[in-house]
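**Q**
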Amino acid sequence: MTTTGPTGRPGSGLFASTRSGDDPRTASNWSRRTIAETNLRALAGRAYPRVRGMFREPSWLIFEILLPFLATSAYVLIYRALRAPEEYVGFVVLGGALSAFWLNVVWSMAGQLYWEKSQGNLELYFAAPMSLMSVLLGMAAGGLMMTSTRALAVLVVSSAVFGVQFGVQDWGLLVVVFLLSMTALYGLGMMMASLFLLWGREAFHLTNLMIEPVYFVSGLNFPVARLGALGMVAIALIPFAVGLDAVRQLVFPGATLLAGTPPPGVEALILAVMTVVFTISARWCIRTIERMARARGSLSIRWQ
Amino acid sequence: MPPAIRVEGLRRVYAMKPKPVVALDGVDLEVAPGEFFGLLGPNGAGKTTLIKILTTLLLPTSGRASIFGFDVATDTRRIRRIMNMVAGGEQSGYGILTVREQLWMFSQFYGLGSREGWRRVDELIEAVGLGEQRLQRVSTLSTGQRQKMNMARGLLNDPWILFLDEPTLGLDVAAARSVRELVLEWKAAVAGRTVLLTTHYMAEADELCERIAIVDRGRILASGTPAELKRRVQRESIFRLEVDRLDGGAGSLGGLPGVVSAALAVDGGPDAQRVTVNLVLQEDAALGGVVTALAGLRSQILALRKSEPTLEDVFVELVGRGLGEDTSGDGDGGDGVGIGTTVTPDGTDAAGQGSR
């Protein structure tokens, strides 16, 4: 073994050490613990660019706080001009804050694998030893952290400007509902990431198609109960709809305008089921995508 | 120890319209552990398809391939733990991260602990000569710096086998040399490290590879050490002879036993201080007769140099055309970049180099 190389660069002696065992066959034999640790580290690694990006690109303050605040303000002013019940202002502010998560899921999560492919990252992910679910979970975790900051900023600014009063009584259930809403939402995002990769460019049109209709059926700016049966269908199928309604019920307890939908405990159960279904589906989808990519010679590779 | 790479009857067909494209057509190959092996061929020859199969990114249509005994179709996880890959012109990663952060992120995909990852990244950054750019955003790197970073990424997990797909593509002379030195240094440091290099740079393959396979239209046409391959085309001995005078011109040597041809390479006129003759001999032994004849002609030998064939000559002999003549569309759909002329890693046009 040599410890210094022909280039004589500092640190070149590091080439003499190998961390991967005495021979390749031994080195390829990983314990369950090593596999689990690698997957966790890959998750953290993939979340890292999103978290760093949040601090490195301050322009998000304009796009992610000011613009949503203006959109929320428009609805608040309309409701006040129409002399609608003051609770509507709180519903709109909460909807505006939570919509950041839905936008992050449909834009950043769903299209991410497609973007990774065009950058040439996807084949490096496929060729690395970690589970691809770690990459998806890392994307979700990074997106969740980034968006939580934005949603909180919108919530604080809007509440302060419009004087919204919150009356949370069951903080424990609120935290559970919020976390389940996020796991269900990002589970859906992970599933869509694989599907969007498969569908390619058309997926972006689908994203556009999903934003306004989902906002409407989820009751972004009004209680979803006002939609009757359509609102019930949305609660049964769309994590954003059920999560938003549950959070509204817990933040504004006793608001009569919210009556007509299942209680928050039941909606928490719906979110839990959605989390399981979407996460399992995401795992199945990404495995199927990898299998198809290897068989077809497409999807993962940039030039094809 | 099983071979580092074993490929048997490998065939890959892409279902494309209007007709399927055969990228690999019955490839057989074996690379020993510790070997530096090169795949030499033009764009569209099937090199990239072969590398994608060996790195578990593609399944073969038929045939088998294994890495250190692990089947590429079924033992993907085990292969991915001991290999890495770097491609030329790679734009992977995230421009918003610094070089250091980007490499750390990739280190996590290979299971390095956080601190271990940062330490390894710092060492590799120094080793590839990117110390000054370590805190620079990836989006601001030059092509050469970016490729050095990619090389560092490829070495993060200390792979037992490293796949290099046109690693010096588009690099300037200094950057290409730096990448080649780095790979050689890394490989030499531990016995058993194996490298598979694809390239269409003749000089690069000649300089780096212990053995080379020449690939065209999905088939391996020949393989062996660079010297063995060159011997395949060197049926005659070629010498470049410089003498102070040659009465009677080249014709005075052309009729000697064993001399196939003799031609003046430089005509300096009657006042020239030296005369250069290109000699083609049936075998080296015929040179003795030439020397004797020159003594009889009172010519003093100033220089005598034997001309070696190049890999370009080998390729032309085997394929019937030069490497610069693209076959995209007949092979693997191209390697992502179309190169119209053959250029050596040092940036010079190789067309005609060493041509006979």
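From first to last, the protein sequence lines stand for chains A and B. Counting in our numbering, the first sequence runs from 3 upward without gaps. Counting in our numbering, the second sequence runs from 12 upward without gaps. Backbone N, C-alpha and C define an ideal beta-carbon position, used for all residues, glycine too. This structure is a prediction, so every number in the text was calculated from the model and none was measured.
(1) Quick one: is residue 104 of chain A buried, meaning 16 or more other Cβ sit within 10 Å of its Cβ, or exposed?
(2) Measuring only between beta-carbons, confirm whether residue 103 of chain B sits less than 7 Å from chain A.
(3) Which residues, in chain order, does the region 55-76 of chain A contribute to contact with chain B at a C-beta distance below 9 Å?
(4) Would you call the region 54-64 of chain A in contact with the region 201-221 of chain A, where contact means no fewer than 3 C-beta pairs closer than 8 Å?
(5) Would you kindly work out how many angstroms separate the C-alpha atoms of residue 225 of chain A and residue 53 of chain A, rounded to a whole number?
(6) Of the residues B:153, B:101, B:157, which one's Cα is nearest the Cα of residue 123 of chain A?
(7) Going by other Cβ atoms of all chains shown within 10 Å of its Cβ, with 16 needed for buried, is residue 312 of chain B buried or exposed?
(8) Would a C-beta distance cut-off of 7 Å place residue 231 of chain B and residue 49 of chain B closer than the cut-off?
(9) Closest Cβ-Cβ distance between residue 243 of chain B and chain A: below 7 Å?
(10) Could you please give the first and the last residue of the uninterrupted alpha helix (DSSP H) stretch that includes residue 95 of chain B?
(11) Name the residues in the region 190-210 of chain B whose C-beta lies less than 9 Å from a C-beta of chain A; which are they?
(12) Cβ of residue 97 of chain B within 7 Å of Cβ of residue 161 of chain B?
(13) Report yes if the CB atom of residue 79 of chain B is closer than 7 Å to the CB atom of residue 15 of chain B, and no otherwise.
(14) Kindly indicate which residue of A:39, A:152, A:170, A:192 has the alpha-carbon position closest to the one of residue 255 of chain A.
(15) Can you say whether residue 288 of chain A is buried or exposed, counting buried as having 16 or more other CB atoms within 10 angstroms of its CB?
(16) Starting from the beta carbon of residue 120 of chain B, find every residue of chain A whose beta carbon is closer than 9 Å, and list them in chain order.
(17) Starting from residue 324 of chain B, trace the beta strand (DSSP E) both ways and give me its first and last residue.
(18) Is residue 229 of chain A helix, strand or coil by DSSP?
(19) Where residue 192 of chain A and residue 270 of chain A are concerned, what is the direct C-alpha to C-alpha distance, given to the nearest angstrom?
(20) Answer with buried or exposed for residue 30 of chain B, where buried requires no fewer than 16 other C-beta atoms within 10 angstroms of its C-beta.
(21) Which two residues bound the contiguous alpha helix (DSSP H) that contains residue 257 of chain A?
(22) Using DSSP with H/G/I as helix, E/B as strand and the rest coil, what is residue 303 of chain B?
(23) Which runs of the beta strand (DSSP E) at least 3 residues long sit entirely within the region 204-249 of chain B? Give them in chain order.
(24) Let me check understanding here. Comparing Cα to Cα, which of B:203, B:250, B:219 lies closest to residue 314 of chain B?
(25) Just tell me which of A:102, A:74, A:37, A:292 has its CA closest to the CA of residue 188 of chain A.
(26) Can you tell me where the alpha helix (DSSP H) with residue 58 of chain B in it begins and where it stops?
(27) Exposed or buried, which one is residue 217 of chain B when buried takes at least 16 other CB atoms within 10 Å?
(28) Is the number of C-beta pairs between the region 169-184 of chain A and the region 116-131 of chain A that are closer than 8 Å three or more?
(29) Residue 173 of chain B and residue 206 of chain B look like a contact to me (Cβ under 8 Å); what is the Cβ gap, rounded to whole Å?
(30) Could you check the C-alpha separation between residue 44 of chain A and residue 91 of chain B for me, to the nearest Å?
(31) State yes or no: is the beta carbon of residue 30 of chain A nearer than 7 Å to at least one beta carbon in chain B?
(32) Look up residue 47 of chain B in the DSSP assignment and give the residues it is bridged to.
(33) Compare the C-beta of residue 50 of chain B with all C-beta atoms of chain A and state if any pair is closer than 7 Å.
(34) Could you pull the start and end residues of the beta strand (DSSP E) that residue 35 of chain B belongs to?
(35) Look at the alpha carbon of residue 25 of chain A and the alpha carbon of residue 94 of chain B, and state the distance between them as a whole number of angstroms.
(36) Leaving aside the five residues before and after residue 194 of chain A along the sequence, list all residues of the same chain whose C-beta is less than 6 Å from its C-beta, in chain order.
**A** With the given structure in hand:
(1) Counting from 1 along the first sequence, the entry for residue 104 of chain A is found at position 102. That one is buried.
(2) To locate residue 103 of chain B, count along the second sequence from 1; it is residue 92. Yes - at least one Cβ of chain A is within 7 Å of the one on residue 103 of chain B.
(3) For the region 55-76 of chain A, the set of residues with a beta-carbon nearer than 9 Å to any beta-carbon of chain B comprises 55, 58, 59, in chain order.
(4) No: the two stretches stay apart, fewer than three of their Cβ pairs being nearer than 8 Å.
(5) For the purposes of this step, residue 225 of chain A is identified with residue 223 of the first sequence, where counting begins at 1. For the purposes of this step, residue 53 of chain A is identified with residue 51 of the first sequence, where counting begins at 1. Residue 225 of chain A and residue 53 of chain A have their C-alpha atoms spaced approximately 33 Å apart.
(6) As a position in the first sequence, residue 123 of chain A is number 121, starting the count at 1. For the residues B:153, B:101, B:157, the minimum Cα distance to residue 123 of chain A belongs to B:101.
(7) Here the question's residue 312 of chain B lines up with position 301 in the second sequence. Its Cβ having fewer than 16 others within 10 Å, residue 312 of chain B is exposed.
(8) Start at 1 with the first residue of the second sequence, and residue 231 of chain B comes out as number 220. Start at 1 with the first residue of the second sequence, and residue 49 of chain B comes out as number 38. No, Cβ-Cβ distance for residue 231 of chain B and residue 49 of chain B is not below 7 Å.
(9) Your numbering for residue 243 of chain B matches position 232 in the second sequence. Chain A contact via Cβ: absent.
(10) Counting from one through the second sequence, the residue named residue 95 of chain B turns up at place 84. Per DSSP, residue 95 of chain B is not a residue of any alpha helix (DSSP H); the beta strand (DSSP E) it occupies stretches across 94-98.
(11) Going along the region 190-210 of chain B in chain order, one finds 192, 193, 195, 196, 197, 198, 199, 200, 201, 202, 203, 204, 205 with a Cβ nearer than 9 Å to chain A.
(12) Residue mapping note: residue 97 of chain B aligns to position 86 of the second sequence, counting from 1. Residue mapping note: residue 161 of chain B aligns to position 150 of the second sequence, counting from 1. Yes.
(13) Translated into the one-based positions of the second sequence, residue 79 of chain B becomes position 68. Translated into the one-based positions of the second sequence, residue 15 of chain B becomes position 4. In contact: residue 79 of chain B and residue 15 of chain B (Cβ atoms closer than 7 Å).
(14) As a first step, residue 255 of chain A must be located in the first sequence, where it is residue number 253. The candidate whose alpha carbon is nearest that of residue 255 of chain A is A:170.
(15) In the first sequence, the residue the question calls residue 288 of chain A occupies position 286. The residue is buried, with at least 16 neighbouring Cβ atoms inside 10 Å.
(16) Looking up residue 120 of chain B in the second sequence gives position 109. What residue 120 of chain B touches in chain A: 40, 43, 44, 47, 48, 126, 127, 130, 131, 132, 136, 137.
(17) Position 313 of the second sequence, counted from the start, is the residue given in the question as residue 324 of chain B. No beta strand (DSSP E) contains residue 324 of chain B, which is instead part of the alpha helix (DSSP H) from 322-330.
(18) Locating residue 229 of chain A in the first sequence gives position 227, where the first residue counts as 1. In this structure, residue 229 of chain A counts as helix in the three-state DSSP scheme.
(19) What you label residue 192 of chain A is simply residue 190 of the first sequence in a count that begins at 1. What you label residue 270 of chain A is simply residue 268 of the first sequence in a count that begins at 1. Approximately 20 Å, taken between the alpha carbons.
(20) Along the second sequence, one-based indexing puts residue 30 of chain B at 19. By the Cβ-count criterion, residue 30 of chain B is exposed, with fewer than 16 other Cβ atoms from all chains shown falling within 10 Å of its own Cβ.
(21) As a first step, residue 257 of chain A must be located in the first sequence, where it is residue number 255. Annotation for residue 257 of chain A: no alpha helix (DSSP H) segment contains it, and DSSP assigns it neither H nor E.
(22) To locate residue 303 of chain B, count along the second sequence from 1; it is residue 292. Residue 303 of chain B: helix per DSSP, three-state reduction.
(23) For the region 204-249 of chain B, whole beta strand (DSSP E) runs of length 3 or above, ordered along the chain, are 205-210, 222-227, 230-235.
(24) Locating residue 314 of chain B in the second sequence gives position 303, counting from the first residue. Nearest of B:203, B:250, B:219 to residue 314 of chain B, Cα basis: B:250.
(25) Here the question's residue 188 of chain A lines up with position 186 in the first sequence. Nearest to residue 188 of chain A by alpha-carbon distance, out of A:102, A:74, A:37, A:292, is A:102.
(26) Here residue 58 of chain B refers to the residue found at position 47 when the second sequence is read from its first residue. Per DSSP, the continuous alpha helix (DSSP H) segment holding residue 58 of chain B begins and ends at 58-65.
(27) In the second sequence, counting from the first residue as 1, residue 217 of chain B sits at position 206. Looking at its Cβ environment, which holds 16 or more other Cβ atoms inside 10 Å, residue 217 of chain B is buried.
(28) Under the 8 Å Cβ criterion, the region 169-184 of chain A does not count as touching the region 116-131 of chain A, having fewer than three qualifying pairs.
(29) Numbered from its first residue, the second sequence carries residue 173 of chain B at position 162. Numbered from its first residue, the second sequence carries residue 206 of chain B at position 195. Yes, they are in contact, since the Cβ atoms of residue 173 of chain B and residue 206 of chain B sit about 5 Å apart, within 8 Å.
(30) Taking the first sequence and counting its residues from 1, one reaches residue 44 of chain A at position 42. Taking the second sequence and counting its residues from 1, one reaches residue 91 of chain B at position 80. Using only the alpha carbons, I get a separation of about 14 Å.
(31) For the purposes of this step, residue 30 of chain A is taken as the residue at position 28 of the first sequence. Judged by the 7 Å Cβ criterion, residue 30 of chain A is in contact with chain B.
(32) As a first step, residue 47 of chain B is located in the second sequence; it is residue number 36 there, counting from the start. BP columns for residue 47 of chain B point to B:206.
(33) Residue mapping note: residue 50 of chain B aligns to position 39 of the second sequence, counting from 1. Against chain A, the CB of residue 50 of chain B has no partner CB under 7 Å away; the residue lies outside that interface.
(34) Stepping through the second sequence from its first residue, residue 35 of chain B is reached at position 24. Element bounds for residue 35 of chain B: 32-42.
(35) Taking the first residue of the first sequence as position 1, residue 25 of chain A is located at position 23. Taking the first residue of the second sequence as position 1, residue 94 of chain B is located at position 83. Near 12 Å, if we compare the C-alpha coordinates of residue 94 of chain B and residue 25 of chain A.
(36) Counting from 1 along the first sequence, the entry for residue 194 of chain A is found at position 192. Hits under 6 Å: 112.
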